[in-house]
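> Next up is a structure, given as structure tokens.
Residue numbers (my numbering): 40 to 586.
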């Protein structure tokens, strides 16, 4: 029989030893009594700085008679669940499907459609990975922007140039499908058990290309530099074809819209057709960056530097009453701050890190909630225009360059711009500026109010080594396309809004899961039975601040 033991405490260093030994210590018997021991989950418990430990969940086989249920020390013994099945029966019909966007939502939608026997066409407005990497290198080195090849557009979507976090709170069964796919295409198997899995931008780029190559071998057709310019509808508003910027029409019965949150021209086109949507709150602010050593000392205390410990992260929040809060977002240990603009005349920053997280810097979004009432417009795309307004202000503050306006945290708190900047990892360059010129007043107030609180939680957070870089504006989509229980647009049948850009995800994993859910809906519309293991619904609240 296979068992599952949870909440097993492991001292630093013990996680690298034979795990049958702590099992025998916890359950009795000898290590050789426990076979096929698998680490199912491991999290870090750093609540007590002098006694940092790991908490593990192990599955194993044994012939010993063991009593199920709670045990002393918080341990719990259960029967191990059976692996989830993914195989499906192809539906009787195979309607033509076009998927817009090759980010995690579009990619995993295509993979799941292939499982059902469909052969989707995947449209990506940006280039394939090799050309995209070259274009981004040009932006980070020479401050030259290609509006169609950048950290937002191109093979793999925006998540390809990020920390590669796979953490999610949605608790959906398809999450395992996503993690196993990444491992199958080159990610480290540890993402299957880490409580905070990440693959790093260097690894996720390789995985993305390999996923695409297998998808093509199975029948998917990828089209790069193929921007969706129009959608053809019939008299009842049903999708009939996707129209590319070149004028080429691709007839389809299902059009999956997974363009990411930066495809603003796409949203304007959809709005012109009356596609149902609504304004959605998001968050806006800056990137804050510190030496990684400072964060490690604060989070790990005397254990800082232990070889078993990863670069330390943090998650901070400061509430200011109803619908007002400042918080950390998409924290990147051992990462770097990067230029993520996609529109000429606007500056956008974000965080990124490689698998090893060894840059020596730690950065995070430091953002404040932006409510729909803050947009200053009832226009359904008012939040999008609000973002653009402040991105353009950041461009001006950077001297009309694609550098990033920057300010020392201490100067920001004192309301003075001395022009002196702490060290930063940002590329292509930081520009000393007064950040009050490129942040809404209510955002400035919340950030300034939160920083002293965060400094109490993480010693040195507001020290002279901390720098702020603007503007972090693409935290999530400022709109949500409305869809029904069958996944289709409530106004235009055959249109399937999907992923983060459509307002149904909050990170790589939840976007991928949403792509899978959309594929399931399309398969069901073609006559496939409901795949029960993936039927769980995702609560909107679970997507907020997923990072």
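C-beta: ideal position from N, C-alpha, C; glycine also. The structure displayed is predicted, hence computed values, not measured ones.
1) Name the two residues that bound the continuous beta strand (DSSP E) containing residue 535.
2) Measure the alpha-carbon distance for residue 216 versus residue 411 and round it to whole angstroms.
3) Is it true that the region 314-326 meets the region 209-223, where meeting means three or more beta-carbon pairs spaced less than 8 Å apart?
4) Please classify residue 137 as buried or exposed, where buried requires at least 16 neighbouring CB atoms within 10 angstroms.
5) If you draw a straight line from the C-alpha of residue 367 to the C-alpha of residue 56, how long is it?
6) Do residue 359 and residue 488 have their C-beta atoms within less than 8 Å of each other?
7) In the structure shown, what three-state DSSP assignment does residue 194 receive?
8) Return the CA-CA distance between residue 559 and residue 433, expressed in angstroms with no decimal places.
9) Report the three-state DSSP secondary structure of residue 521 (helix, strand or coil).
10) Could you check if residue 418 is buried or exposed, using at least 16 other CB atoms within 10 Å of its CB as the buried criterion?
11) In the DSSP output, which residue or residues are listed as bridge partners for residue 329?
12) Please name the residue in 528, 232, 159 whose C-alpha comes closest to that of residue 93.
13) Return the residue from the list 545, 404, 377, 567 that minimises the CA-CA distance to residue 624.
14) Please state whether DSSP places residue 339 in a helix, a strand or coil.
15) Verify whether the separation of the beta carbon atoms of residue 485 and residue 363 is less than 8 Å.
16) At 4 residues or longer, and completely inside the region 354-436: list those alpha helix (DSSP H) runs for me, N to C.
17) Could you round the C-beta distance between residue 535 and residue 265 to whole angstroms and report it? I think they count as a contact, below 8 Å.
18) According to DSSP, is residue 258 part of a helix, a strand, or is it coil?
19) Less than 8 Å between the CB atoms is what I'm expecting for residue 391 and residue 514, so what's the real figure, rounded?
20) Relative to the C-alpha of residue 164, which residue among 153, 50, 67, 299 is closest?
21) Considering only the beta carbon of each residue, do residue 442 and residue 182 sit closer than 8 Å?
22) Considering only residues of the same chain and omitting the five flanking positions on each side of residue 345, which have a CB-CB separation below 6 Å?
23) Going straight from the alpha carbon of residue 243 to that of residue 204, what length do you get?
24) Take residue 584 and list the residues in its own chain whose beta-carbon comes closer than 7 Å to its own, dropping the five residues that flank it on each side.
25) Once DSSP output is grouped into helix, strand and coil, what is the label at residue 111?
26) Kindly identify the DSSP beta-bridge partner or partners of residue 100.
27) Among 464, 281, 73, which one has its Cα closest to the Cα of residue 268?
28) Please report how far the alpha carbon of residue 452 lies from the alpha carbon of residue 414, in whole angstroms.
29) My parser needs the beta strand (DSSP E) runs of 3 or more residues fully inside the region 115-189; what are they?
30) Please go through the region 460-504 and give each complete beta strand (DSSP E) segment of 3 or more residues, from N-terminal end onward.
31) For residue 176, is the classification buried or exposed, using 16 other Cβ atoms within 10 angstroms of its Cβ as the cut-off for buried?
32) For residue 129 and residue 149, what's the separation of their Cα atoms in angstroms?
33) Would you call residue 40 buried or exposed, if buried means 16 or more other Cβ atoms sit within 10 Å of its Cβ?
34) Helix, strand or coil, according to DSSP, for residue 563 in the structure here?
35) Does DSSP put residue 92 in a helix, a strand or coil?
36) In whole angstroms, what separates the C-alpha of residue 47 from that of residue 64?
Judging by the given coordinates:
1) Sequence index remark: in the chain shown, residue 535 carries index 496 (1-based). Taken as a continuous stretch (DSSP letters only), the beta strand (DSSP E) holding residue 535 covers 534-536.
2) Sequence index remark: in the chain shown, residue 216 carries index 177 (1-based). Sequence index remark: in the chain shown, residue 411 carries index 372 (1-based). So the two alpha carbons sit approximately 35 Å from each other.
3) no
4) Here residue 137 refers to the residue found at position 98 of the chain shown. Residue 137 should be labelled buried.
5) Walking along the chain shown from the start, residue 367 turns up at place 328. Walking along the chain shown from the start, residue 56 turns up at place 17. So the alpha carbons of these two residues sit roughly 35 Å apart.
6) The count along the chain shown starts at 1 and reaches residue 359 at position 320. The count along the chain shown starts at 1 and reaches residue 488 at position 449. It is a contact, given that the beta carbons lie within the stated cut-off.
7) Here the question's residue 194 lines up with position 155 in the chain shown. Here residue 194 sits in coil by DSSP.
8) On the chain shown, residue 559 is found 520 positions in, with the first residue counted as 1. On the chain shown, residue 433 is found 394 positions in, with the first residue counted as 1. Those two C-alpha atoms are separated by around 42 Å.
9) Here the question's residue 521 lines up with position 482 in the chain shown. Of the three classes helix, strand and coil, the one that applies to residue 521 here is coil, per DSSP.
10) Your numbering for residue 418 matches position 379 in the chain shown. Per the 10 Å Cβ criterion, exposed.
11) Reading the chain shown from its first residue, position 290 is the one you call residue 329. Paired residues: 401.
12) Against the chain shown, residue 93 aligns to sequence position 54. The candidate whose alpha carbon is nearest that of residue 93 is 232.
13) As shown, the chain starts at 40 and ends at 586. That puts residue 624 outside it, with no answer to give.
14) What you label residue 339 is simply residue 300 of the chain shown in a count that begins at 1. Three-state DSSP puts residue 339 in a helix.
15) If you number the chain shown from 1, residue 485 lands on position 446. If you number the chain shown from 1, residue 363 lands on position 324. Yes, the Cβ-Cβ distance between residue 485 and residue 363 is below 8 Å.
16) 421-436
17) Here residue 535 corresponds to residue number 496 of the chain shown, with the count starting at 1. Here residue 265 corresponds to residue number 226 of the chain shown, with the count starting at 1. No, residue 535 and residue 265 are not in contact; Cβ-Cβ is about 18 Å, not under 8 Å.
18) Position 219 of the chain shown holds residue 258. Reduced to three states, the DSSP call for residue 258 is coil.
19) Walking along the chain shown from the start, residue 391 turns up at place 352. Walking along the chain shown from the start, residue 514 turns up at place 475. Actually they are not in contact, since the Cβ atoms of residue 391 and residue 514 sit about 15 Å apart, beyond 8 Å.
20) Here residue 164 corresponds to residue number 125 of the chain shown, with the count starting at 1. Selected option, being the one with the closest Cα: 299.
21) Stepping through the chain shown from its first residue, residue 442 is reached at position 403. Stepping through the chain shown from its first residue, residue 182 is reached at position 143. Yes; because the gap between Cβ atoms is below 8 Å, this pair is in contact.
22) Along the chain shown, read from residue 1 onward, the residue named residue 345 stands at position 306. If the five residues before and after residue 345 are omitted, its C-beta is found closer than 6 Å to the C-beta atoms of 51, all from its own chain and listed in chain order.
23) Taking the chain shown and counting its residues from 1, the one referred to as residue 243 is at position 204. Taking the chain shown and counting its residues from 1, the one referred to as residue 204 is at position 165. Their backbone Cα atoms lie some 10 Å apart in a straight line.
24) Translated into the one-based positions of the chain shown, residue 584 becomes position 545. Caution applies to residue 584, whose pLDDT of 47 falls short of 50 and renders its modelled position unreliable; the model cannot decide the point.
25) On the chain shown, position 72 is the one that residue 111 refers to. Looking at residue 111 - three-state DSSP - the assignment turns out to be helix.
26) Within the chain shown, the letter at position 61 stands for residue 100. In DSSP, residue 100 forms a bridge with 41, 74.
27) The sequence position of residue 268 within the chain shown is 229, counting from 1. The shortest C-alpha separation from residue 268 is found at 281.
28) Position 413 of the chain shown holds residue 452. Position 375 of the chain shown holds residue 414. Their Cα atoms are separated by approximately 25 Å.
29) 115-118, 136-139, 160-163
30) 469-471
31) Mapped onto the chain shown, residue 176 falls at position 137. Label assigned to residue 176: exposed.
32) Sequence index remark: in the chain shown, residue 129 carries index 90 (1-based). Sequence index remark: in the chain shown, residue 149 carries index 110 (1-based). Spanning the two alpha carbons is a distance of roughly 14 Å.
33) Looking up residue 40 in the chain shown gives position 1. Exposed.
34) Counting from one through the chain shown, the residue named residue 563 turns up at place 524. Here residue 563 sits in helix by DSSP.
35) On the chain shown, position 53 is the one that residue 92 refers to. It is a strand residue.
36) Here the question's residue 47 lines up with position 8 in the chain shown. Here the question's residue 64 lines up with position 25 in the chain shown. Answer to the nearest angstrom: the Cα atoms are 10 Å apart.
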